[in-house]
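J.: Provided herewith is a single structure, encoded as structure tokens, for subsequent inquiry.
In my numbering, the protein residues as written are 1 to 176.
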């Protein structure tokens, strides 16, 4: 198989996979090394960029997916692709941000940061598998610790937690 054919197969795999496809899986299907598969994926993404495509290949969580470039988000929103049921409430988004930056963290610690109870927001995040129970705190009552999941990374287009944008320094964060 030539390079063009290999890139076409990779494009089909990444596009058709129901969730991000791993480098190992791409390499296995193509019958090449992971290094070669990674190079082909980079070349395919460079091809998209060279022709100014609205698409890009992103490495998220533990795999790759084809996504639209961020500058086209407003146009995609205009066709109503995100249903109300997929959107998170402001409270759930606030809890998710707290968990992402402070994990592992307990429900009580989240409530203290927010100043209100977070039970329903946390339940919503658990149901959507954006967060999960990651252990128990070594404290009285051994409260549950929450952390983000691979689904969170995929949903927000992150390779890992190091891709989170830095928190802006504010008087509140300096006190902590």
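Every residue, glycine too, gets a C-beta built ideally from N, C-alpha and C.
It should be emphasised that the depicted structure is a prediction, and the values quoted were computed from it without experimental measurement.
1. Taking the alpha-carbon of residue 125 as reference, which of 41, 152, 10 has the nearest alpha-carbon?
2. In this structure, how does DSSP classify residue 51 when only helix, strand and coil are distinguished?
3. Does the Cβ of residue 115 have 16 or more other Cβ atoms within 10 Å, making it buried, or fewer, making it exposed?
4. Within 10 angstroms of the Cβ of residue 64, are there 16 or more other Cβ atoms? Answer buried if so, exposed if not.
5. Can you check whether the CB of residue 145 is closer than 8 Å to the CB of residue 90?
6. Quick one: what's residue 101 bridged to in DSSP?
7. Cβ atoms of residue 157 and residue 186: under 8 Å apart, would you say?
8. Note down the Cα distance separating residue 154 from residue 137, rounded to an integer number of angstroms.
T.: Checking against the coordinates, here is how it stands:
1. Checked all of 41, 152, 10; the closest Cα to residue 125 is 152.
2. Under the three-state reduction of DSSP output, residue 51 falls in the coil class, being neither helix nor strand.
3. Answer is exposed; the Cβ neighbour count stays below 16.
4. Burial is judged here by how many other beta carbons sit within 10 angstroms of a residue's own beta carbon; residue 64 has at least 16 and is buried.
5. Using a Cβ distance threshold of 8 Å, residue 90 and residue 145 do not count as a contacting pair.
6. BP columns for residue 101 are empty, so no partner.
7. Since the first and last residues shown for the chain are 1 and 176, residue 186 lies out of range.
8. Those two C-alpha atoms are separated by around 27 Å.
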